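Undergrad: If you're matching positions, the sequence shown starts at 70 in this note's numbering and goes up one per residue.
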Amino acid sequence: MPLLWLGLLATFGAPGVAAQDPVGIVPKDYHLEIENRWVRVLRLTLGAHESSPLHEQPESVVVFLTGAHERLTSPGKPAQEIARRAGEVTHFDGLRHTEENLADRPLEAVIIELKPAPPGSDSAPWPLPLDPMKLDRPHHSVLFENDRVRVLRTVLEPHLKGPLHEHPHYVVVYLTDLHTTMTMADGKAVDNPRRPGEVAWRDPLKHVTENIGDREAIEIQVELK
70 MPLLWLGLLA
80 TFGAPGVAAQ
90 DPVGIVPKDY
100 HLEIENRWVR
110 VLRLTLGAHE
120 SSPLHEQPES
130 VVVFLTGAHE
140 RLTSPGKPAQ
150 EIARRAGEVT
160 HFDGLRHTEE
170 NLADRPLEAV
180 IIELKPAPPG
190 SDSAPWPLPL
200 DPMKLDRPHH
210 SVLFENDRVR
220 VLRTVLEPHL
230 KGPLHEHPHY
240 VVVYLTDLHT
250 TMTMADGKAV
260 DNPRRPGEVA
270 WRDPLKHVTE
280 NIGDREAIEI
290 QVELK
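1) Buried or exposed, going by whether 16 or more other CB atoms sit within 10 Å of the CB of Trp107?
2) Rank Thr159, His276, Gln89 and Ile181 by C-alpha distance to the C-alpha of Val259 and give the top, closest one.
3) Using C-beta distances below 7 Å, list every residue in its chain close to Pro122, excluding the 5 sequence neighbours before and after it, in chain order.
4) With DSSP as the reference, identify every bridge partner of Pro298, one or two as the case may be.
5) Is the CB-CB distance between Ile281 and Thr252 below 8 Å?
6) With a threshold of 8 Å, are at least 3 pairs of Cβ atoms found where one atom belongs to the region 135-142 and the other to the region 166-180?
7) Just how far apart, CA to CA, sit Ile289 and Glu279?
8) Using 8 Å as the cut-off, can you tell me whether the region 204-213 makes contact with the region 229-237, which would need three or more C-beta pairs spanning the two stretches below that distance?
9) So, is Gln149 buried or exposed, given that buried needs 16 or more other C-beta atoms within 10 angstroms?
10) Whose C-beta lies closer than 8 Å to the C-beta of Pro273 among residues of the same chain, with five residues either side of it excluded?
11) Return the chain-ordered list of same chain residues with a C-beta closer than 7 Å to the C-beta of Pro144, the five sequence neighbours on each side being excluded.
12) Considering only the alpha carbon of each residue, which of Leu247, His248 and Val220 lies closest to Val131?
13) When DSSP labels each residue in this structure, what does Val23 get in the three-state scheme?
14) Cα-Cα, which of Lys184, Leu176, Asp216 and Ile181 is closest to Trp195?
15) At which residue ranges does the region 205-236 contain complete beta strand (DSSP E) runs of 3 or more residues, listed in the order of the chain?
16) Tell me which residues share the same chain as Arg284 and place their Cβ nearer than 7 Å to its Cβ, disregarding the 5 neighbours each side in the sequence.
17) Work out the CA separation of Gly116 and Val211 for me, nearest whole Å.
18) In angstroms with no decimal places, state the Cα-to-Cα distance between Glu214 and Lys97.
19) Using a threshold of 8 Å, state whether the C-beta atoms of Ile181 and Val291 are closer than that.
20) Measure the alpha-carbon distance for Pro262 versus Val92 and round it to whole angstroms.
21) With the cut-off set at 8 Å, would you say Leu111 and His124 are in Cβ contact?
22) Should Ala186 go down as buried or exposed, given a rule of 16 or more other Cβ atoms within 10 Å for buried?
23) Assign Pro122 to one of three DSSP states: helix, strand, or coil.
24) Kindly indicate the opening and closing residues of the beta strand (DSSP E) around Leu293.
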């Protein structure tokens, strides 16, 4: 192999190696929370003024659990600085990039990576007959929607009981300390105490949610179409 090519390999890495799965190359920063046929959910924790190496991610939804001030750099493109608030949600298409935490405090975020094959016929029909946006609009808002996902923010006041509604396959990110019950269509009740930052996967279901706690319950729901 020519010496020049060896030098390039040493500098940039072999083709297909430079941009890798972040869980494989920086496991201390990217922790696997959930994985199935349709999504992979990662938890990113990046210390103050720390950087992650070049890595690659598919189309994703990001839920920021803390505020963030970052510099994102993709090969051949100008660096971007972004600022996010705790609880903010963003979407990005697949990209290769490095990221640097410019803040004086750690950042934490949940990243929902979308796999190539959507649930499709395995999921509930879309639009949903018992869509919470139709039945309980005061407590649900759409943050983002495209042909793959719909992202909802749900806010339930203390001791509020919502109507029967349904979701397709979805990921839930809990933003507050909460205690709810979920009563399924068959009458079975499920106790659901949660801490801020917890993540859960849900298969399609119809249920009634009641906030039995004394605090406002806020969560992000990433529904798969």
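For every residue, glycine included, the Cβ atom is placed at its ideal position computed from N, Cα and C. In this text, all values refer to a predicted model and were calculated from it rather than measured experimentally.
TA: The short version:
1) Trp107 should be labelled buried.
2) His276
3) Ile94, Val95 and Thr167
4) A query on residue 298 cannot be resolved here, the shown segment of the chain reaching from 70 to 294 and no further.
5) no
6) yes
7) 16 Å
8) yes
9) exposed
10) The residues are Ser192, Ala193, Glu235, His236, Pro237 and His238.
11) Only Arg165 meet the Cβ criterion.
12) Val220
13) With the chain covering only 70 through 294, there is no way to say anything about residue 23.
14) Asp216
15) Complete beta strand (DSSP E) runs here, min 3: 209-214, 218-225 and 234-236.
16) Pro227, Thr245, Asp246 and Leu247
17) 31 Å
18) If I take the Cα positions, the gap works out to 31 Å.
19) Contact: yes.
20) Between Pro262 and Val92, the alpha-carbon positions lie close to 29 Å from each other.
21) no
22) exposed
23) strand
24) Ala286 to Leu293
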